[in-house]
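In this note's numbering, the protein residues as written are 103 to 571.
Structure, rendered in structure tokens:
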């Protein structure tokens, strides 16, 4: 009997002994991508580039050149780096945004589960926290959004940048198949980035080139997506379909959730303002949803020609600048308007409440304070960073406070709410005629400096790399 029991006991003991190791391995797999974006002391990232590769990058800024990446002391050779962004790329000096492909030149393909590092310079943001806080608020609200954290970035280019401390950057998760698989039932749907200016969902985006109509301008295909039937169905539903058609090709509830949060955060550098930034993904039966992107000018930093006070008073009942076809169509439905207001009220009581936003700003400010003070040539004076927690005109905390209170006043205006629910957003009105409830000053003047459609097409943030240099 003993000889029969012993093998069984050994097997059981072996399984029990291996269980903790297996559990640990499972936990590691689940948390390996969390570590890179965990809140805490900013990780140290160094881009070590040869002089030849650096000069090649200056000649071809949007084509990957070889680099080594050092992350908290761990060196990864054979990575590729290029510049990214629009306004951040146009700035002077080395303070720009970078995209790093860890396996582009045959190096280690992943770092804590991530194959791409988006290193975003806090352009126009003395607080350095707008992007990281915005994504955290989206996530807390239940909106599928990239993760982000702070890092310190150093450039090492022999004879040009000798361990130059660029300062605090945002490290933002790439919207790719890995991201899609973590948030949706599948990751093989069509993914597009919204780029350009104006309104890619409107008829005005159709332009003739060589006698051919181009119906998909403003959408850049990603992850091998083709500009095929899914996008065509959505655009047709927006431009000529009925509400049933639109609901079939757009996840209306998630779109309204994003729209409410984006407008609460006064982010006009998005589809609601400039008509760009963000992704759309067809995750089931060709139904699209919005994914936020490029939040570095949230909390009123991209003003569209408006003053600080006017940004604080962006109308919650008209969550767009200039008519936007998709928003106009969705808010043209009374039940969807009611759902939008429900989303706004819920956000203002939860993730986007004044108390929660201020708390997140304070935590982020404290986390990066020492790193900001160690910057060699900061683009923003240290005093402006310190003022970011003030309730004055310059601070992000003050802006967030006044913005939240303005929205609550609007929601408490029963006549304004009833008018919105009955008629929807006013179309084609002069922004100068809209006034903040209870105050006499205009809240929404249209910029006098020109129209967004007059601006040139902007750079493709994620154009495909060319051949290896």
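We treat Cβ as the ideally placed atom computed from N, Cα and C, and that holds for glycine.
Assign residue 229 to one of two classes, buried (16 or more other C-beta atoms within 10 Å of its C-beta) or exposed (fewer than that). buried
Cβ neighbours of residue 454 in the same chain (closer than 8 Å, five flanking residues each side left out): 239, 243, 363, 366, 367, 506
Tell me whether residue 493 is buried or exposed, calling it buried when 16 or more other Cβ atoms sit within 10 Å of its Cβ. exposed
Can you tell me which residues form a DSSP beta bridge with residue 386? 389
Mind checking whether residue 221 and residue 199 have CB atoms under 8 Å apart? Contact: yes.
Among 213, 141, 142, 361, which residue has its Cα nearest to the Cα of residue 171? Ranking 213, 141, 142, 361 by Cα distance to residue 171 puts 213 first.
Own chain, CB closer than 8 Å to residue 260, minus 5 neighbours either side, in chain order: 152, 153
Does residue 327 pass the burial test, meaning 16 or more other C-beta atoms within 10 Å, or should it be called exposed? That one is buried.
Residue 389: which of 292, 522, 404, 237 sits nearest, CA to CA? 292
Residue 208: buried (16+ other C-beta within 10 angstroms of its C-beta) or exposed? exposed
If you draw a straight line from the alpha carbon of residue 501 to that of residue 233, how long is it in whole angstroms? If you take the alpha carbons of residue 501 and residue 233, they lie about 15 Å apart.
Residue burial classification, residue 478 (beta-carbon count within 10 angstroms, cutoff 16): exposed
Any idea if residue 182 is buried or exposed, counting beta-carbon neighbours within 10 angstroms, 16 or more meaning buried? Residue 182 comes out buried.
Could you say which of 270, 427, 263, 420 lies nearest to residue 469 if we only look at CA atoms? That would be 270, whose Cα lies nearest to the Cα of residue 469.
Please state if the CB of residue 375 and the CB of residue 423 are separated by a distance shorter than 8 Å. A contact, by the Cβ cut-off of 8 Å.
For residue 150, count the other beta carbons within 10 Å of its own beta carbon; 16 or more makes it buried, fewer makes it exposed. Which is it? Result: buried.
Please report the residue range of the alpha helix (DSSP H) in which residue 299 lies. Taken as a continuous stretch (DSSP letters only), residue 299 belongs to no alpha helix (DSSP H), as it is neither H nor E.
If residue 319 and residue 341 are in contact, beta carbons under 8 Å, what's the gap, nearest whole angstrom? In fact, because the Cβ distance is near 14 Å, the residues do not count as touching under 8 Å.
Let me confirm a value: residue 361 is counted as buried when at least 16 other C-beta atoms fall within 10 Å, else exposed. Which label applies? buried
Proximity winner among 514, 282, 195, 290, relative to residue 247 (alpha-carbon distances): 282
Going straight from the alpha carbon of residue 338 to that of residue 331, what length do you get? 10 Å
Determine the extent of the beta strand (DSSP E) in which residue 445 is found, giving its start and end residues. From DSSP, residue 445 is part of no beta strand (DSSP E) but of the alpha helix (DSSP H) over 436-451.
Looking at the strands, I want to know which residues DSSP matches up with residue 147. 173, 255
Measuring straight from C-alpha to C-alpha, what distance separates residue 287 and residue 385? 7 Å
Using a Cβ-Cβ cut-off of 6 Å (strictly less than) and excluding sequence neighbours within five positions of residue 353, which residues of its own chain qualify? 389, 391
Tell whether a beta-carbon distance below 8 Å holds between residue 275 and residue 250. yes
Report the start-end ranges of each alpha helix (DSSP H) in the region 194-279 that is 4 residues or longer and not cut off at the edges. The qualifying runs are 232-243.
Could you tell me how far apart the beta carbons of residue 147 and residue 253 are, in whole angstroms, since I believe they sit closer than 8 Å? 5 Å
State the Cα-Cα distance for the pair residue 414 and residue 490, rounded to the nearest angstrom. 16 Å
Environment of residue 451 [buried if 16+ CB atoms lie within 10 Å]: exposed
Is the beta carbon of residue 359 closer than 8 Å to that of residue 459? no
In terms of DSSP beta bridges, what is residue 585 paired with? As shown, the chain starts at 103 and ends at 571. That puts residue 585 outside it, with no answer to give.
Alpha-carbon to alpha-carbon, residue 267 and residue 223: 12 Å
Euclidean distance between Cα positions of residue 441 and residue 416: Here the alpha carbon of residue 441 sits roughly 19 Å from the alpha carbon of residue 416.
In the DSSP assignment, the beta strand (DSSP E) including residue 324 goes from what residue to what residue? 321-324
Is residue 295 helix, strand or coil by DSSP? Residue 295 falls in the strand class under three-state DSSP.
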